[in-house]
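Trainee:
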Amino acid sequence: MSSPSTEQRVAFRSTAVVTDFEGKVECVTHYSSRVVVGSKDGRLVMYDTRKGTTTSTASHTFAHGQRVEQLLAVPHIRMLIVVSNGQVTAHGATDLKPLDSDFSKANTHQVRLVCVNQRGPPHFRLGVALLKRKAIAIYQYHSSDKSYAFLREFSTQDVPEAMSWYRNKVVVGFRKDYFLLNDKSGDATPISSPGIQDPTVFPVVKLLPKEEILVAVMDRVGVFVGFTGDALPKTSITWSHSPMQVEFSSPYLLALVPRVGVEIHRATDGTLVQTIPLTRAVCMFANGMKWDMEPRPSGDSEDVVMVGVRDANGTSSVMKVEPMPMDQQVGELLDRGQIDEAQNLVRKTISSLSSDKQRSKIKRFQRQATVALLRRLEFDQAAEYMYRAAIEPCEFIAFFPELQCASFAYEPSVFKAEVLPRGTNSAPDISSVIQELLSSPRAPLNPDIAKNNAADLVTAAQKALLKFLGQYKKHMRDKARARVRGASSARGRSPSNATPKDARRVEAIDTALFRLYVHFKRYKELLVLIQEPNPDVEGPPGSLGGCALEAESCRSLLVKHKLYYEAALLLCAHQNYDDALEIFALLHHGEYKQRNGSSGMPKSPIEAAIDVLVGVPELESEFIFKQSIWIIKATSAKQALRVFTDRRPPLPSNDIVAHLREHSSDPGIVQRYLETLVKAGDTGAALMSGAAGADTASDGGLGSSGGAFEGSSRGVTAFTDSSTAELGVNDSYSHFLAGDNDDDDEPTRVPDGGAAIVVDPHHTRLALEYLDETLRLVARGEVPSKSQPGKEPGALGDARKRLLKFLKAGSSRYDVAPLVEKIKGKPLYNEFVILCGRGSLHEEAVSSLVYELNDLRGAESYSVKYGARAPSVGSSAGTNKKAGATSMERNDALMELLKICFSPRDESKKAAFNDFGFQLLARHGKNLNSAAVLEMVPPTTPLSKLGEFFAQALPHSAHNVREMSITKSLSNVYNLQVQCDRVERLTHSVQIDPNTLCPVCHKRIGDIVFAVYPNGKVVHYNCTNSNLQLCPVTGERFS
């Protein structure tokens, strides 16, 4: 902001209200359009300013014929207090007739001066300073007889030369010092000031608003003090000579300086505003404050300044000093660059107006300030006021032809030629305006600006335009966001794109801002402008807006400045994806060199190309596949897969897998793609169904939880009988099944304990990929380990580890059937056993372990581990048995193993198998179906071999019977409690009358459907928001 000018301006003017007064004026006062003049020869003459300047309306002449020393008007009680010849008298305010008031106690000692307490009604106390007694007498006004009567007096250390009074403090100026006196006790508090140095100079005291006091010190300096006597942190005022009198008229201080005239200073900072040359002025009066020291509002008819002047011809006149018209003052201040002072004047003028009118006046002033600042070539500050005044951006853009779009056609209506001179150029052009203002400025320019050349000022104007348009864009952006939030929060409505208002106007603003960003190398803001959708421009369906920039001309400018990355983003904003990806490809291959190299791009070209393909509509799937080929070949698989995994909605996964197999040289890329889909599905973002497509969500985990199955250790330690050695069993799988390397988890269940409902095709496909990879390695001659699966050296170990981890993971939702079909007959027995266990294919698993692997231990471990589990997803058993049945009580796998033991295929091993079957009965009797077991056992079996079985089965059966009986009894009791509670609740009632109000909407219940909460609150059903568990009145939640 420009610094305040020290040059004086015309803020006040003087006009005569009394002329040709016969005699010499000594003092003057004003009230209610009346002017009273006190003369040197003891006359009081009243003039009515509405009836001319020479005709008096009332007068009074003192018999002593001595000069009138002071006039003090108290118009509220219709009284004029006069000091003349050392005597104080009271006169009528309308006719100047003497009034009855007893001032004899004061008049006896000669009156020096008087003052009235500024506290005002209802007191109107009068202070009278005595000349011969060094005291101040207090007089109280009595409304009963409308007269003043003596109240009290207190002594002073000297005769007061100046005096003012507010509340209980009397501010007194003596010949050298100033004091604050208590109006009851007369206690004196010195005022902190340097005092008066020259004995010929008289003290000056003036009360000001906000309880401030101005006192004259050091002959011609005015300082501000408070009612504590301490100096205030305000700038002092320096007059040209010692003032005779100082008055206040907001926001100015007017000082009567002998032989100079009236000096006008700003009260805020003491700056000299104007000097009115009234060299023969002898007295002054002003009434700029109401009672209680409140400044008068602008336009108050009582806020006047009167100056008594003795003319050279022996007559006198009274001049009225009044402010210039506000518009003229504001205009002059603006021309001088004193914007803050002009704004303060405007705010003071409009303070009494309504808020709407105040806003209108402020807008008008802000436009005037904008024009004045542009004329002064102060472009930066002009941009601020341009934004505040809500000036149409095209008004200023019109002066910059090089920043305009091809369709720009706007003639300024605010910055017209008579406002901003254009010189010889008829069209608006900032260069012509600057040349014209430099050659013939309307007002003196700031020295820092005047020394600049035209080119520098053009640059400053461009920066100002950039600042203004940036503020404007931010405002429009915030406004659009608020509009979207309001639309989205409205019930029954959804946010919709704003209808384009004026495409040419939006294009003009964005184009100018675009070219300014390029010119000043503001590349970050340039990217935001290109990429951010403009809500006032129609964009693709579902978007928040479009791009207002014209594609070809803006692209040419970007290419000219080697901003290829930004050019590609501009093409994307216009949905020209083909050309955009071509630029990114050329940048990646080095055929295009971006300005400032890689540091000039927020992302690598290939990352930007991937982002483009991710945002391309699904209808352009052929284009996506075509463009993804060079990306797949040019970057890593992880990054290339983002083209397909980050899309919303995704492309068909079958097509993606085929595309990846055809064009990628990485054999594991398909696995990585499927792993991404599986991880996304594990987060629960969406259930993926069908092989045609899937919704990819945020990252998830494939990890398994581990945890050994209860009782598995028992299955291992049980094989201690020496009779099992006759079988020659293979224990390679026993450790694996009993808990070694055991990190599998229960499959995902629905809340009632059953298996998950939907088989995820991506899980199945990924499992098949892992399995195919492992089988390929086995086909090449690598040997899978039976006891240490996944720990084989080389690629087979890594492949089996991935396969086993995925098969065991509780979060896996693959279909067991195709995997079992593919793995049958292959040497991957560990995987086969897991799949059979997950699919409840116990018969196949047990048969394979017993007959193909000759591993009874492994069969028992498998039965203990998987037999009591519910069927996993994709198995036939899962559709034939109800989830949550007694599967934990009846181990189906053990039953299948018992069938084999008691009915083996090989009769030569029947005895050994039978013995192993009896061992199973002894170890797992309580987990078996007793009736089915007794049917399997050979009829010739001695009872002694079934002793341990019955020792487990009979108590367990009895326990189950007792438990069922207790459960049934508890169920009956609970049912009875529920019925009783139901009956009790049915007896409850509420009373609704025509005056019953809903506590939510405060409308009558009437005959509308209502809801009653357990806490007794009755509300409209519509006011429940369909939530009967939460009381909308108290917030209490019910189960």
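To convert, take the position in the sequence shown, counting from 1, and add 295; that gives this note's numbering. Ideal placement from N, C-alpha and C gives every residue a C-beta, glycine not left out.
Thinking C-beta only, is P723 closer than 9 Å to A272?
Mentor: Examination of residue 272 is not possible in this model, given that the chain is present from 296 through 1334 alone.
Trainee: Give the list of continuous alpha helix (DSSP H) stretches no shorter than 4 residues that lie fully inside the region 1067 to 1119.
Mentor: 1090 to 1103 and 1111 to 1118
Trainee: What three-state label does DSSP hand G998 in the structure shown?
Mentor: With a pLDDT of 33 at G998, under the threshold of 50, the modelled position of that residue is not reliable, and the figure given next carries that caveat. DSSP, read as helix, strand or coil, puts G998 in coil.
Trainee: Is the CB-CB distance between V532 and V555 below 9 Å?
Mentor: In the sequence as displayed, the identity of residue 532 is Ile instead of Val. In this structure, V555 does not lie closer than 9 Å to I532 by Cβ.
Trainee: Thinking I376 and V406 are a contact (beta carbons under 8 Å), I'd like their distance in whole angstroms, please.
Mentor: Between V406 and I376 the Cβ distance is about 10 Å, and since that is not below 8 Å, they are no contact.
Trainee: Could you tell me which residues DSSP puts in a beta bridge with T310?
Mentor: For T310, which the question treats as bridged, DSSP gives the partners K615.
Trainee: Taking the alpha-carbon positions, what's the F316 to T310 distance?
Mentor: 15 Å
Trainee: When burial is assigned at 16 or more other CB atoms within 10 Å of the CB, is F1333 buried or exposed?
Mentor: Residue environment analysis places F1333 among the exposed positions, since fewer than 16 neighbouring C-beta atoms fall within 10 angstroms of its C-beta.
Trainee: Using the rule of at least 16 other Cβ atoms within 10 Å of the residue's Cβ for burial, across every protein chain shown, is V753 buried or exposed?
Mentor: buried
Trainee: Could you pull the start and end residues of the alpha helix (DSSP H) that Q624 belongs to?
Mentor: M621 to D630
Trainee: Could you give the DSSP three-state label for W460: helix, strand or coil?
Mentor: strand
Trainee: Tell me, which residues are paired with I559 by DSSP?
Mentor: L549 and Q569.
Trainee: Apart from the five residues on each side of it in sequence, which residues of its chain come closer than 6 Å, Cβ to Cβ, to G834?
Mentor: P828, G840 and G841
Trainee: Are L1123 and T1059 touching if we call contact CB-CB under 9 Å?
Mentor: no
Trainee: Does any CB atom of chain B fall closer than 9 Å to the CB of S708?
Mentor: Of the protein chains in this structure there is only one, and it is not chain B.
Trainee: What residue ranges within the region 855 to 905 form continuous alpha helix (DSSP H) runs of no fewer than 4 residues, ordered along the chain?
Mentor: 859 to 868 and 872 to 883
Trainee: Note the first and the last residue of the continuous alpha helix (DSSP H) segment covering H1137.
Mentor: From DSSP, the alpha helix (DSSP H) with H1137 extends over H1137 to S1142.
Trainee: Name the one or two DSSP bridge partners that V604 has.
Mentor: A576 and S612
Trainee: Taking C-alpha atoms, which residue in R683, E877 and E627 lies nearest to K658?
Mentor: Here the closest residue by C-alpha is R683.
Trainee: Candidates S545, A701 and Y887: which alpha carbon is nearest R591's?
Mentor: S545
Trainee: Exposed or buried, R788, counting other C-beta atoms within 10 Å across all chains shown (16 or more means buried)?
Mentor: Reliability fails at R788, whose pLDDT of 41 lies under 50, so the model's placement of it is uncertain and the value that follows must be treated cautiously. Burial is judged here by how many other beta carbons sit within 10 angstroms of a residue's own beta carbon; R788 has fewer than 16 and is exposed.
Trainee: Assuming H814 is part of the beta strand (DSSP E), what are its boundary residues?
Mentor: First-last for H814: A798 to H814, but that is the alpha helix (DSSP H), not the beta strand (DSSP E).
Trainee: How many angstroms separate the CA atom of R772 from the CA atom of E902?
Mentor: 28 Å
Trainee: Is N639 helix, strand or coil when you go by DSSP?
Mentor: helix
Trainee: DSSP beta-bridge partners for E433?
Mentor: For clarity, residue 433 is Ile in the given sequence; the question names Glu instead. In DSSP, I433 forms a bridge with G422 and R447.
Trainee: Between N1310 and the rest of its own chain, which residues show a CB-CB distance below 7 Å, the 5 nearest in sequence each way excluded?
Mentor: Excluding the 5 residues flanking it on each side, N1310 has same chain C-beta neighbours closer than 7 Å at C1326, T1329 and E1331, in chain order.
Trainee: Report the CB separation of V909 from D941 in whole angstroms; it is logged as a contact under 8 Å.
Mentor: 5 Å
Trainee: Hey, V938 and I905 are a contact pair by Cβ (cut 8 Å); roughly how many whole angstroms apart?
Mentor: 5 Å
Trainee: Beta carbon of L672, beta carbon of I634: below 9 Å?
Mentor: no
Trainee: Return helix, strand or coil for G521, following the three-state DSSP convention.
Mentor: coil
Trainee: Which one of K501, K1240, R943 and S1198 has the shortest CA to CA distance from Y547?
Mentor: K501
Trainee: What did DSSP end up calling D397 once you bin it into helix, strand or coil?
Mentor: coil
Trainee: If contacts are defined as beta-carbon pairs under 8 Å, then F357 and G337 qualify, I think. What distance do you get, rounded to the angstrom?
Mentor: 4 Å
Trainee: What's the call for P489, buried or exposed, on a 16-neighbour Cβ count within 10 Å?
Mentor: exposed
Trainee: How about the region 464 to 484 and the region 562 to 577: do they share at least three Cβ pairs that are nearer than 8 Å?
Mentor: no
Trainee: Kindly list the residues whose CB is nearer than 6 Å to the CB of K1312, restricted to its own chain and excluding five residues on each side of it in sequence; keep chain order.
Mentor: C1326 and V1328
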